Amino acid sequence: MQRQVGLEGVSAGYANRAVLEQLTLHIPAFTTTAVVGPNGSGKSTLLGVIAGVIRATAGEVEHRTAGRVAFVTQRSKAVDVLPLTVRDAVAMGRWGRRGLWRRLSRRDWEVVETSMGRLGIASLAHRQLGELSGGQRQRALIAQGLAQEADLLLLDEPTTGLDATAQRLIADVLAEVTEEGVTVVQATHDLGVARSAGHLLLLQEGRLWGEGDPREVLTDDVIDAVWRLPRRV
Ligand SMILES: Nc1ncnc2c1ncn2[C@@H]1O[C@H](COP(=O)(O)OP(=O)(O)OP(=O)(O)O)[C@@H](O)[C@H]1O
């Protein structure tokens, strides 16, 4: 099994808050890794560290190749306030290759159309991003991630809030891209999605509780222990 990313003793967090503590883990190449854990356990922070947008305060983050990394996060509100059509937003996924001021090539536009088609949003191409439903917006942001043609695709809760059909569509698309040689990492609260991943990282309070085959890591006892109800005082 090839490693796409390896973390060795990584700690990271925000200005006044240490979040991840001493994480040693790996992301295998060409498969899907699910990152699970309760609210606030550090899943998004871990994706940020892997994406390179959050700097580790200790330890090493090693990437197998210097390939492209795409990071799809639902938190970005910036795109909503810009007067962007869905096609424009997906086309932004090509800027990293093309540069901000260069015209997109015919091939760039082909990738944009293919990415929208794969997410089933071709018919929304002319709609303003800010006026989409939550699920449509989410699919547009994932299409933007696909349009980057990255080697490593990081997704923060890509299927949260989506209907069953859209969830299935995204699961199928992610399975397809891994077969095409992309490594996918997704943070999720859906333990069904996590169980069908190739690799699992289970976080609790910024520490790694378990790593490996999801069916081996996610036992009933582990689920009870990690997602125990907080005491109400
Ligand atoms: N920008 C920020 N500044 C300061 N603290 C932050 C910031 N973002 C997250 N945190 C804190 O870091 C911790 C981990 O948050 P993170 O978003 O990584 O968790 P998560 O597992 O993705 O949570 P959720 O399942 O709720 O999305 C939390 O305690 C959170 O309050």
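When you line the sequence shown up against UniProt numbering, it's residues 1 to 233, in that order. No residue lacks a Cβ here, since even glycine has one placed at the ideal position from N, Cα and C. Values in this document were obtained by computation on a predicted structure and should not be read as measured data.
Straight-line gap, residue i to residue j (C-alpha atoms, nearest Å)
i: Ile223; j: Gly161; result: 22 Å
i: Val10; j: Val226; result: 21 Å
i: Gly117; j: Leu124; result: 10 Å
i: Ile27; j: Arg3; result: 6 Å
i: Leu201; j: Leu155; result: 14 Å
i: Ala89; j: Gln144; result: 7 Å
Cutoff 8 Å; reference residue i; Cβ partners in own chain excluding five residues on either side
i: Thr31; result: Thr178, Thr183, Val184, Ala197, Gly198, His199
i: Val81; result: Gly130
i: Ala91; result: Leu104, Asp108, Trp109, Val112, Ala147
i: Leu208; result: Leu23, Thr24, Leu25, Leu201, Leu202
Limits of the unbroken alpha helix (DSSP H) element including residue i
i: Thr73; result: Segment 69 to 73 is the beta strand (DSSP E) holding Thr73; no alpha helix (DSSP H) there.
i: Trp227; result: Per DSSP, Trp227 belongs to no alpha helix (DSSP H) and is neither H nor E.
i: Ile142; result: 134 to 147
i: Trp109; result: 106 to 118
i: Asp88; result: 86 to 91
Distance cut-off 7 Å: residue i Cβ against heavy atoms of ligand 1
i: Ser41; result: yes
i: Arg17; result: yes
i: Ala56; result: no
i: Ser44; result: yes
i: Gly52; result: no
i: Ala187; result: yes
i: Gly99; result: no
For residue i, three-class secondary structure by DSSP
i: Glu180; result: coil
i: Pro214; result: helix
For residue i, the first and last residue of its enclosing beta strand (DSSP E)
i: Glu62; result: 58 to 63
i: residue 234; result: Because the chain in this structure spans residues 1 to 233, residue 234 falls outside the shown range and cannot be described.
i: Thr45; result: Run containing Thr45: none in the beta strand (DSSP E); it sits in the alpha helix (DSSP H), 43 to 51.
Contacting residues, own chain, Cβ-Cβ under 6 Å from residue i (five flanking each side not counted)
i: Ala69; result: The amino acid occupying residue 69 in the given sequence is Val; Ala does not appear at that position. Cβ neighbours of Val69 beyond the five flanking positions: Ala51, Ala150, Leu152.
i: Arg139; result: Leu119, Ile121
Same chain, Cβ closer than 7 Å to residue i, neighbours up to 5 away in sequence not counted
i: Arg195; result: Pro214, Arg215, Leu218
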